[in-house]
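The structure appears right after this line, and notes come after that.
In this note's numbering, the protein residues as written are 62 to 270.
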């Protein structure tokens, strides 16, 4: 909002109202993008263990240590995003700029077409049973995406004609991908689950192996 607007007459009030409307419109656009994704994340309770200063050293192990932080999907190069059919300029890290409940999140809009959708990647240190909560996810079915075994699912109550989701694990990491069609789209030129599978295959070289 323009802080130089002055006066208490009709002109000043109208200018302020226009500024408020513009901010509200921008906020609603971003909310439409992330509301379906936000519902995916459950409230998690983390646990941690501490080791005292006098802990007894243990013998070195050849076991590969599990990652302590999830892979960040926003590290995918813009060139790969564009080749996959997404608009790299629309990249957004986190939900409204913040990671959620231990998940690294990144999302992009598709390149301008008659229909618009939002593609998101969530990465967390979880197992595939995370999407087994029937109060949040349903319509789970095994599928094959390129060379990966995956599970196709829907957010509970989601319209399958507009949205789709895929999940698979890589080591200790759970990778969840979602496609949510904008409420502003006039008509769909794709099947959501087919389009999502194709996006994941195109981006496969950039994903953890």
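Beta carbons are placed, not taken as given, at the ideal position from N, Cα and C, and that holds for glycine.
Please look up how many angstroms separate the CB atoms of residue i and residue j, rounded, as I've assumed it's under 8 Å.
{"i": "residue 145", "j": "residue 260", "result": "6 Å"}
{"i": "residue 240", "j": "residue 225", "result": "5 Å"}
{"i": "residue 228", "j": "residue 192", "result": "5 Å"}
{"i": "residue 207", "j": "residue 265", "result": "5 Å"}
Whole angstroms is fine: what's the gap from residue i's alpha carbon to residue j's?
{"i": "residue 157", "j": "residue 204", "result": "31 Å"}
{"i": "residue 209", "j": "residue 269", "result": "11 Å"}
{"i": "residue 169", "j": "residue 263", "result": "14 Å"}
{"i": "residue 147", "j": "residue 141", "result": "9 Å"}
{"i": "residue 154", "j": "residue 160", "result": "8 Å"}
{"i": "residue 253", "j": "residue 242", "result": "8 Å"}
{"i": "residue 232", "j": "residue 246", "result": "37 Å"}
{"i": "residue 213", "j": "residue 143", "result": "24 Å"}
{"i": "residue 201", "j": "residue 177", "result": "25 Å"}
{"i": "residue 151", "j": "residue 165", "result": "17 Å"}
{"i": "residue 190", "j": "residue 136", "result": "26 Å"}
{"i": "residue 104", "j": "residue 230", "result": "Its pLDDT being 36, under 50, residue 104 is placed unreliably in this model, and the value from its coordinates should be taken loosely. Using only the alpha carbons, I get a separation of about 20 Å."}
{"i": "residue 196", "j": "residue 162", "result": "18 Å"}
{"i": "residue 255", "j": "residue 186", "result": "27 Å"}
{"i": "residue 198", "j": "residue 267", "result": "27 Å"}
Name the two residues that bound the continuous alpha helix (DSSP H) containing residue i.
{"i": "residue 141", "result": "139-144"}
{"i": "residue 264", "result": "253-264"}
What residues match up with residue i in a beta bridge as DSSP calls it?
{"i": "residue 166", "result": "183"}
{"i": "residue 203", "result": "212"}
{"i": "residue 161", "result": "164"}
{"i": "residue 130", "result": "Partner(s): none; residue 130 has no beta bridge."}
{"i": "residue 225", "result": "240"}
{"i": "residue 198", "result": "216"}
{"i": "residue 136", "result": "Answer by DSSP bridge pairing: none, since residue 136 is not bridged."}
Which first and last residues belong to the beta strand (DSSP E) in which residue i is found?
{"i": "residue 153", "result": "147-154"}
Worksheet item: Are at least three pairs of beta-carbons, each pair with one atom in the segment 223-239 and one in the segment 170-182, less than 8 Å apart?
Response: yes
Worksheet item: Using 8 Å as the threshold, is the segment 162-178 in touch with the segment 208-222, meaning 3 or more CB pairs across them?
Response: no
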